[in-house]
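Going from the sequence shown to the working numbering is simple: count from 1 and add 889. We put the beta carbon where it would ideally sit given N, CA and C, even for glycine. Bear in mind that the values here come from a model prediction, so they are computed numbers and not experimental data.
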Amino acid sequence: MNKKTKTIILVMVIVLIVGVLLIIRAPREPEAFLTDKQVIKRINSFFPESEPKIIQDVLYLDETHVFVPFINESKEYGMSFWVWKDNKWRAASVDNGGEPKAWNGEGDSFFMWNLDPKDEVSEIKAFMKKDRNFSVSGDEATYEPGLEMMHSITVEDKSYGVEKYPDSWRTLMDQYAEVQKESSFDGFFEYGQTFKIGNRFYDKDGKEVLPTVPTDGIGYSTGNDYVDVPYLMDLVDDELEGSY
């Protein structure tokens, strides 16, 4: 075999390898989500401290994002959030506590929770707040009014659930994000930097209650490499101007 033939064969092999790699890495439609056993095995492979035992449900937020509540070996009510990325279902966050968290998608935004039934939470009041602001630049003064909106979430017979943000919330947040973008400000589109999203909890008699928080408080998150799923803040009376 002469040198020219060897070169041609080498080039063909390289082209073939590159082609195969491109096919493998090419974006694919999301596959069916993992089985319960696969979810438990996957979580235990990178976050064994969570000790998931029972997968309660698989709730799609959209085609590529899934909320999976679970009960662990210590009978704590936890939750996990998954994203289809690089042709694989990957865990973006896992927590052994089920305090409400928020996810802001391209289309809709959702609240997610998994509260211990013994806490007897019947209602979650979610709040969206924007602090008023006043600034002066040269001879120009700018005032931005404050904002406070409340959305009531009924907790039914299940410990867990998801609920979409009210349309008015999402519309307002998107509009403000566009204004900030056009004004060349870089203080938004994590939503939390301008709008605060918080919550409070109530029993069936309207009395405020505090959900159980796991004593170890452990959790896992990949961060912004996949998606940000922050906890909702616990709001106190001093932070709320209205009567609820």
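Environment of V1010 [buried if 16+ CB atoms lie within 10 Å]
Position 121 of the sequence shown holds residue 1010. So V1010 ends up on the buried side.
Just to confirm before moving on: does the CB-CB distance between E1037 and F1000 stay below 9 Å?
Translated into positions along the sequence shown, residue 1037 becomes position 148. Translated into positions along the sequence shown, residue 1000 becomes position 111. No, they are not a contact pair.
F956 by DSSP, collapsed to three states: which one?
Counting from one through the sequence shown, the residue named residue 956 turns up at place 67. It is a strand residue.
Would you give the residue range spanned by the beta strand (DSSP E) that K1085 belongs to?
Along the sequence shown, read from residue 1 onward, the residue named residue 1085 stands at position 196. Residues 1085-1091.
Use the C-beta contact count for I943: other C-beta atoms within 10 angstroms, 16 or more gives buried, fewer gives exposed.
Taking the first residue of the sequence shown as position 1, residue 943 is located at position 54. The residue in question, I943, is exposed, as its Cβ has fewer than 16 Cβ neighbours within 10 Å.
Return helix, strand or coil for E1128, following the three-state DSSP convention.
The count along the sequence shown starts at 1 and reaches residue 1128 at position 239. Three-state DSSP puts E1128 in a helix.
For E988 and E1029, I'd like the C-alpha separation in whole angstroms.
Position 99 of the sequence shown, counted from the start, is the residue given in the question as residue 988. Position 140 of the sequence shown, counted from the start, is the residue given in the question as residue 1029. Computed Cα separation, rounded: 43 Å.
Counted within 10 angstroms of its Cβ, other Cβ atoms place S998 as buried (16 or more) or exposed:
On the sequence shown, position 109 is the one that residue 998 refers to. Result: buried.
Using only the alpha-carbon positions, how far apart do P1119 and E938 sit?
Here residue 1119 refers to the residue found at position 230 when the sequence shown is read from its first residue. Here residue 938 refers to the residue found at position 49 when the sequence shown is read from its first residue. Roughly 20 Å between the two C-alpha positions.
My understanding is that A981 touches S1110, with C-beta atoms under 8 Å, so please give their C-beta distance in whole angstroms.
Along the sequence shown, one-based indexing puts residue 981 at 92. Along the sequence shown, one-based indexing puts residue 1110 at 221. Indeed they touch by this definition, with Cβ atoms about 7 Å apart.
For L923 and Q952, the rounded distance between their alpha carbons:
If you number the sequence shown from 1, residue 952 lands on position 63. If you number the sequence shown from 1, residue 923 lands on position 34. Strictly speaking, residue 952 in this sequence is Glu, with Gln absent from that position. So the two alpha carbons sit approximately 14 Å from each other.
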